[in-house]
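Visitor: FYI, the working numbering numbers position 35 of the sequence shown as 25, with every residue one higher than the one before it. Ideal Cβ placement from N, Cα and C applies to all residues, glycine included. Starting off with a structure, shown below.
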Amino acid sequence: MPSQAQPIHAVTVESTPAKAKGIMVGLIKARVPAVEKDYNLVHVANCEAIREVKPVLTSLVIAPQVLICSSKLFDDEEEEIREISQRLLPDIKLIMVPHDLHATGGGNAVVEFLVEQITESRLPTRA
């Protein structure tokens, strides 16, 4: 059995909380066992709007290491989130899901994209 690595705290930015939860559950558990085996990902919060990003990031006791943004965001919204998050947490890993990936490829396409981003990151794995 893999050792328990320090948790990797993740925050999502998604206007539909149920969708954010479903994608994170798919990423962490059901659909991608390799991620569950190699990474100790914990979804700690979801921001339904950009105005929630700063208060959420500053209110968490432990700073998140990953921020995942919805595919529904426009370029200017992504840039605003990028500026806010990097000003507050310069080392945070930002994952911007490509525009309309969910609409064109569905939840599985988003999970596959996130798996690729997580596995190519320098996030700590289980020893």
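State the DSSP-derived secondary structure class of lysine 11, mapped to helix, strand or coil.
Guide: Taking the sequence shown and counting its residues from 1, one reaches residue 11 at position 21. If DSSP states are grouped into helix, strand and coil, lysine 11 belongs with the helices.
Visitor: Assuming histidine 89 contacts valine 34 under a Cβ cut-off of 8 Å, what Cβ separation, rounded to an integer in Å, is found between them?
Guide: As a working note, residue 89 is residue 99 in the sequence shown. As a working note, residue 34 is residue 44 in the sequence shown. At roughly 25 Å, the Cβ-Cβ gap does not stay under 8 Å, so histidine 89 and valine 34 are not in contact.
Visitor: Which of helix, strand or coil does DSSP assign to threonine 94?
Guide: Counting from one through the sequence shown, the residue named residue 94 turns up at place 104. Correct three-state label for threonine 94: helix.
Visitor: Going along the chain, which residues of its own chain have a beta-carbon closer than 8 Å to the beta-carbon of methionine -9, five neighbours each way excluded?
Guide: The residue you call residue -9 lines up with position 1 of the sequence shown. With a pLDDT of 46 at methionine -9, under the threshold of 50, the modelled position of that residue is not reliable, and the figure given next carries that caveat. There are no such residues.
Visitor: Can you check which of these residues, Val87, Val46, Arg116, Glu106, is closest to glutamate 67 by C-alpha distance?
Guide: Counting from one through the sequence shown, the residue named residue 67 turns up at place 77. The residue with the shortest Cα to Cα distance from glutamate 67 is Val87.
Visitor: Hey, could you find the ends of the beta strand (DSSP E) threonine 2 is sitting in?
Guide: By one-based count along the sequence shown, residue 2 stands at place 12. Element bounds for threonine 2: -2 to 3.
Visitor: When burial is assigned at 16 or more other CB atoms within 10 Å of the CB, is serine 49 buried or exposed?
Guide: Position 59 of the sequence shown, counted from the first residue, corresponds to residue 49. Per the 10 Å Cβ criterion, exposed.
Visitor: When the Cα of glutamate -3 is compared with those of Val56, Thr94, Gly95, Arg72, which residue comes out closest?
Guide: Against the sequence shown, residue -3 aligns to sequence position 7. For clarity, residue -3 is proline in the given sequence; the question names glutamate instead. Among Val56, Thr94, Gly95, Arg72, the Cα nearest to that of proline -3 is on Val56.
Visitor: Does the region 58 to 76 come into contact with the region 91 to 103, if we say contact requires no fewer than three beta-carbon pairs (one atom in each stretch) closer than 8 Å?
Guide: The region 58 to 76, when compared against the region 91 to 103, does touch it at the 8 Å Cβ threshold.
Visitor: Leaving out five residues before and five after valine 32 in sequence, what residues of the same chain have Cβ atoms less than 6 Å from its Cβ?
Guide: Looking up residue 32 in the sequence shown gives position 42. Counting only Cβ-Cβ distances below 6 Å, and skipping sequence neighbours, we find Pro(-3), His(-1).
Visitor: So, using beta-carbon positions, are asparagine 30 and arginine 112 closer together than 8 Å?
Guide: Start at 1 with the first residue of the sequence shown, and residue 30 comes out as number 40. Start at 1 with the first residue of the sequence shown, and residue 112 comes out as number 122. Not in contact: asparagine 30 and arginine 112 (Cβ atoms no closer than 8 Å).
Visitor: Helix or strand or just coil, what does DSSP make of methionine -9?
Guide: As a position in the sequence shown, residue -9 is number 1, starting the count at 1. Below a pLDDT of 50, predicted positions are generally treated as unreliable, and methionine -9, at 46, falls in that range; no measurement from the model is reported.
Visitor: Roughly how many whole angstroms lie between the Cα atoms of lysine 27 and alanine 53?
Guide: As a position in the sequence shown, residue 27 is number 37, starting the count at 1. As a position in the sequence shown, residue 53 is number 63, starting the count at 1. Straight-line Cα distance between these residues: approximately 23 Å.
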